[in-house]
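Protein chains in written order, with the working numbering: chain A, 11 to 204; chain B, 667 to 1219. Glycine included, each C-beta is placed from N, C-alpha and C at the ideal position. To keep things clear, I will list the structure first and then write my remarks on it.
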Amino acid sequence: MDNTRRTFLAQAAASLGLLYLSGLTPEVLAQAHQHAKTAPRNLDGQPFRFFTAQQAADYEAFASQIIPTDETPGAKEANVVRFVDFALSEIEPQNKQDFANALKALDEQAKKTAPQTASFAALTSEQQVETMKAIEKSNDFGTLKYYTLVGFLGDPADGGNKDEIGWKLIGFEDKYYYAPPFGYYDAQAAKEKA
Amino acid sequence: MSATPQQPKYKLTDQVDFLIVGCGASGSVLARELSRNGFTVVALEQGPWLDRSQFTHDEYRVQAQSLLTNNPQKQPMTFRKTPQDKAVKQPALMYGRLVGGGTVHFTANYWRFHEIDFIEASQKGTIAGTGFTDWPITYADLEPYYTKAEWDLGVSGQAGVSPFDPPRSKPYPLPPMPVKSSGVLFEQGARKLGYHPFPAPVAVISQAYQGRLPCAHCGFCMGFGCEMGAKSSPLPSMIPQAVATGRCEIRPHSYVRKIELDAKGRAIGAIYFDHSGKENLQHAKAVIVASNGAETPRLLLQSKSNRFPNGLANSSGIVGKYLMFNTDTIAQGTFEHELNEYKSIEVTRIVQDFYEVDPKLGFYGGGGLSARFLWEPISFALAGISPDTPQWGSEYKKALQKNFNRTMMVMGHGLSLPLADNSISLDETLKDAWGLPAIRVTYKDHPDDLKFAQYQLDRGMEILEAAGAQTHWAFPVTENTNAVHLLGTCRMGNDPKTSVINADHRTHDVANLFLCDGSSFVTSGRGQPTETIQALAFRASDRITALAKKGEI
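See below:
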């Protein structure tokens, strides 16, 4: 966690008693949290630390089949590959081997689909889908898919979900304060009561 | 940064009045009560002491780095279904591992047990092949302490609206939390079917309380620490109040390996590894183990001696046995309009119409249902989409887009019958990062537990249908292979042959050794154990104080 946020919140917490007396409300404290939220991590243009160029290309092709780029941005635009490179280098280095093995299994399956192919990334989209369907029940597939989803929908502080692309897609906002009504049905119920 | 408020610093050689092992749901309460009652206390906690500025909404990191819970890398476990099976390494249990314990990250459902929970076996009849029996205390014994827990910690709810609510001496201190769309829909569906939905009691403050600010509805309860301090974990309440007495030292990063005895068989303190890995022996006049339903029996089993070759306080041979998890079921539905369930607390309406089911159904059971949304963005993408929908590709992406804000669940919470084979034991073939034997979990649900779970799941599906869900589906009922509710492993009772502690939480075998946490449970209740764990801790504090003042410890 970055120090700016931590220090800010520590100060906010330390002065809570005083602020409380002077009219601190949840809204104000939540604004303080929001203000101190960890900034997005920008991994653009960083050299890869975990992936080889080929692995990065294969994984980008895989992630783009999980969350494709269509009318809305997908895994590619969310920087999933950069996120995974960072996460496996910094946050979960113990999972590097499992991930590398999973990519290898994907590559081997690609060669079963098309024996002459240079790589998974080099397959046609239809061949990629066929390859993935053949292994979609395996732990290897699960590992690769898990990290795509984390990179697409995780906290931008970790370098994925660039520009909150994933959160915008599903309609999630990371705020620290909401007031009722929260949704359509509780709003309706409140109206009827009034 | 770590929270380091002014607190006394006792020497290892200081014989403090009470050494408490574990600073979670129950240990924190005991620390506050006993220090307020004039005793000196050292409370050891294996995890860190965080303050709320260190909590985060980062869904991935909280899970991947085990920021608030036991770490499967450092503390591996093994699991098997029966004692005849070979145990396999897998993360079978999750529990809070920091000052405040599991209450820091819990959902904050705060249900009292009902009268029946303490006297089921005598009222309903024993069940062959199980250890189903009455508690040595009744609801009436615990009622004042339920009230105390609600008022001292800060609980929001509405008394008197559920016809199934047990008698209470006081209403909740705070009004219920605002209802969410899931609560409105659940209430509509449940009423159509003739049930009695009511506002969920939750350990979250709906208004300013005791100098703490109310909930800001940020939506990060389950799995996360509350950055507002509005979740009524002991972290913003019991802990600072214990420290404020000037008689209580909270010692984080203290991993206890053994309770030490003297030649007469009395506990003299506990040996623990500190943050640097160094072994220390903290002396005390009495020891209270409050480490949870897995770690408490584990510590006793590890604390073998010539006097107790099968584990400390285990003359009965049942330390670690009768483990109960509770059953959970999930029915999920999607609706036409947005619910936005990611906002605010998880649960705002529940029903307890199935607290006791008709024996004519052919199985024993009981539970409650809650309107709920368990997911954050990543977990929703992993598990929240209907199994009929492709789980990757364009259609999947559209389903994520459409349904994240239109989904709710009805969750079932049910009892587990106590079975002697279901247990915590030591796995000598696997060591943790401190070189101690790993926890081995043996667990297979009683067939009635699964039948009841299915029964309750079906009722949840009907409620979603009656509420007008466009689609609804269920997660199939399966045998539990992992759990967060850890109950029953050092059960309370009057007979030293069939229980580990007496009604005062004193072990039958060692006069100055007490146990108080989920391990004390005799039956599992209906799926939300935290309030009972804490009520027991308030009561145990009174009992232990009385014994100490009479010079009987």
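Residues in the segment 92–105 of chain A having any Cβ partner in chain B nearer than 9 Å: ALA97, ILE101, GLU102, GLN104 and ASN105
CA-to-CA distance, LEU859(B) to GLY170(A), given in whole angstroms: 45 Å
Residue closest to THR962(B), alpha-carbon to alpha-carbon, out of GLN739(B), SER1091(B) and ARG1209(B): SER1091(B)
Spatially closest choice to PRO1162(B) from SER1207(B), MET760(B), ASP1175(B) and PRO1025(B), by CA coordinates: ASP1175(B)
Alpha-carbon spacing of VAL847(B) relative to PHE192(A), whole angstroms: According to the sequence shown, residue 847(B) is Ser rather than Val. Roughly 7 Å between the two C-alpha positions.
PRO78(A) beta carbon less than 8 Å from that of SER1060(B): yes
Partners in chain A for ARG727(B), counting only beta-carbon separations shorter than 9 Å: MET11, ILE101, GLY164, ASP165, ALA167 and ASP168
From TYR1030(B), THR1073(B), ARG1038(B) and LEU1035(B), residue whose alpha carbon lies closest to that of ILE1051(B): THR1073(B)
Under 8 Å between C-beta atoms of ASP1183(B) and ARG1209(B): no
DSSP three-state assignment for PHE886(B), whether helix, strand or coil: coil
CB contact check: GLU1094(B) to chain A, cutoff 8 Å: no
Contact residues within the segment 719–748 of chain B, judged by C-beta distance below 8 Å to chain A: SER719, GLN720, THR722, HIS723, ASP724, GLU725, TYR726, ARG727, ALA730, GLN731 and GLN739
Residue nearest to GLY826(B) in terms of C-alpha spacing, selected from THR799(B), TYR811(B) and PRO865(B): PRO865(B)
Minimum length 4: unbroken alpha helix (DSSP H) runs contained in the segment 110–149 of chain A: 135–145
The segment 713–722 of chain B in contact with the segment 793–805 of chain B per 3-pair CB rule at 8 Å: no
Identity of the residues DSSP links to PHE939(B) by a beta bridge: TYR921(B) and GLU945(B)
Contact set between GLN75(A) and chain B, taken where Cβ atoms lie within less than 9 Å: TRP1058 and GLY1059
Closer than 8 Å to chain A by CB, LEU1066(B): yes
Residue-level contact to chain A via CB, PHE1070(B), 8 Å cutoff: yes
Proximity of ILE916(B) and ALA758(B) at Cβ, strictly below 8 Å: no
Where the beta strand (DSSP E) containing LEU1179(B) begins and where it ends: 1179–1181
Residues of the segment 900–913 of chain B whose Cβ lies closer than 7 Å to any Cβ of chain A, in chain order: none
Cβ of THR160(A) within 8 Å of any chain B Cβ: As written in the sequence, residue 160(A) is Val, which differs from the Thr given in the question. At least one chain B Cβ lies under 8 Å of VAL160(A).
8 Å Cβ cutoff, GLU1004(B) in contact with chain A: yes
Terminal residues of the alpha helix (DSSP H) in which LYS178(A) lies: 175–180
The segment 1081–1095 of chain B touching the segment 813–831 of chain B, judged by at least three CB pairs closer than 8 Å: no
Contact set between LYS185(A) and chain B, taken where Cβ atoms lie within less than 8 Å: CYS884
6 Å CB neighbourhood of SER1190(B) in its chain, flanking five on each side removed: MET990, ASN992, LEU1081, SER1082 and LEU1153
Rounded separation between LYS185(A) and LEU764(B) - CA only: 26 Å
For PRO1113(B), the three-state DSSP class (helix, strand or coil): helix
Any C-beta of chain A under 8 Å from that of SER1010(B): yes
Any C-beta of chain A under 8 Å from that of SER847(B): yes
Minimum Cβ-Cβ distance from LEU1048(B) to chain A less than 8 Å: yes
Cβ shell of ALA1104(B) (< 7 Å), same chain only, five flanking positions each side left out: PRO742, MET743, THR744, ASP1093, LEU1096, LYS1097 and ASP1098
Presumed contact (8 Å Cβ cut-off) between PHE162(A) and ALA49(A), rounded CB distance: Not a contact, Cβ separation roughly 19 Å.
Where VAL1063(B) falls, given that 16 or more other Cβ within 10 Å makes a residue buried: With the sequence shown as reference, residue 1063(B) is identified as Lys, and Val is not the correct amino acid for it. The residue is buried, with at least 16 neighbouring Cβ atoms inside 10 Å.
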